[in-house]
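J.:
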Amino acid sequence: EGASHDATVLDLLPQTEQLLSTTAQSAEMSFFTHHQPGDKYDVLRSDQSVAGDHEVSADDVHRIHRVAARYYRLIVMDSGNNERAANWRAMIEHANQLVVPCTNAEETAEAGARLLDALKERDEHSAQLAENAVVLVSQRTPSKDPNVARIV
Numbered sequence: 005e006g007a008s009h010d011a012t013v014l015d016l017l018p019q020t021e022q023l024l025s026t027t028a029q030s031a032e033m034s035f036f037t038h039h040q041p042g043d044k045y046d047v048l049r050s051d052q053s054v055a056g057d058h059e060v061s062a063d064d065v066h067r068i069h070r071v072a073a074r075y076y077r078l079i080v081m082d083s084g085n086n087e088r089a090a091n092w093r094a095m096i097e098h099a100n101q102l103v104v105p106c107t108n109a110e111e112t113a114e115a116g117a118r119l120l121d122a123l124k125e126r127d128e129h130s131a132q133l134a135e136n137a138v139v140l141v142s143q144r145t146p147s148k149d150p151n152v153a154r155i156v
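Going by my numbering, the first residue of the sequence shown is number 5, and it counts up by one from there.
1) Around the Cβ of LEU23, are there at least 16 other Cβ atoms within 10 angstroms (buried) or fewer (exposed)?
2) Which same chain residues, not among the five before or five after ARG70, have their C-beta less than 8 angstroms away from its C-beta?
3) Excluding five sequence neighbours on each side, which residues of the same chain lie with their C-beta closer than 8 angstroms to the C-beta of LEU140?
4) Can you grab the Cα-Cα spacing for the pair LEU123 / HIS66, in whole Å?
5) Applying the 10 Å Cβ sphere with the 16-neighbour rule, what's the burial state of ALA73?
6) Since PRO1 sits in a beta bridge, which residues does DSSP pair it with?
7) Is DSSP giving ASP15 helix, strand or coil here?
8) Please classify ALA31 as buried or exposed, where buried requires at least 16 neighbouring CB atoms within 10 angstroms.
9) Near ALA99, what residues of its chain come up, given a Cβ to Cβ distance below 7 angstroms and the 5 sequence neighbours on each side ignored?
10) Taking only runs that begin and end inside the stretch 24-88, name each unbroken alpha helix (DSSP H) of 4 or more residues, in chain order.
11) Kindly indicate the opening and closing residues of the alpha helix (DSSP H) around ASN91.
12) Enumerate in chain order the residues of its own chain whose CB-to-CB distance from LEU16 is below 6 angstroms, with the five nearest sequence positions on each side excluded.
13) Using only the alpha-carbon positions, how far apart do HIS129 and SER142 sit?
14) ASP127 by DSSP, collapsed to three states: which one?
15) Does the separation of the CB atoms of ASP51 and VAL13 fall below 8 angstroms?
Structure (structure tokens):
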């Protein structure tokens, strides 16, 4: 990791207007992102502080996305897994592709399937995301598992 700071998305939020201004420079993003030199991408970390009390709102997601879209051609958002949260729904509004990771454990595969079913019912954009979703099924254990064939 190339960044020598502990900045998170919470540090970027107060600076969104500056980062969207006509005087902003792309180098300013390095104050907030953590460059991964081996894989050549930047990470805007979420706040992992257990003492933190800020919950990222839908408006925050829209602001963060506007900044990211200005400086990056490809944006990958890790949404967590609370489909009812306003920030999760805002992320879906911006998504062009949905990737649903799960394991071959029946409960995670079922949760992924329920998520896709719920998206199909929400609106046209969400239904399109669900229809074209990429589902990644990984195996929990290295041994053969009869669930894999049924889940996939």
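The beta carbon of each residue, even a glycine, is placed where N, CA and C say it ideally should be.
T.: The short version:
1) LEU23 sits buried, since 16 or more C-beta atoms from the chains shown fall within 10 Å of its C-beta.
2) THR20, LEU24
3) VAL103, VAL104, PRO105, CYS106
4) Looking at the two C-alpha atoms, the distance is approximately 20 angstroms.
5) By the neighbour-count rule (16 or more Cβ atoms within 10 Å), ALA73 is not buried but exposed.
6) Outside the modelled stretch of the chain, which goes from 5 to 156, sits residue 1, for which no answer is possible.
7) helix
8) exposed
9) Cβ within range, chain order: LEU133.
10) 62-75
11) 90-98
12) PHE36
13) 27 angstroms
14) coil
15) Contact flag set, yes.
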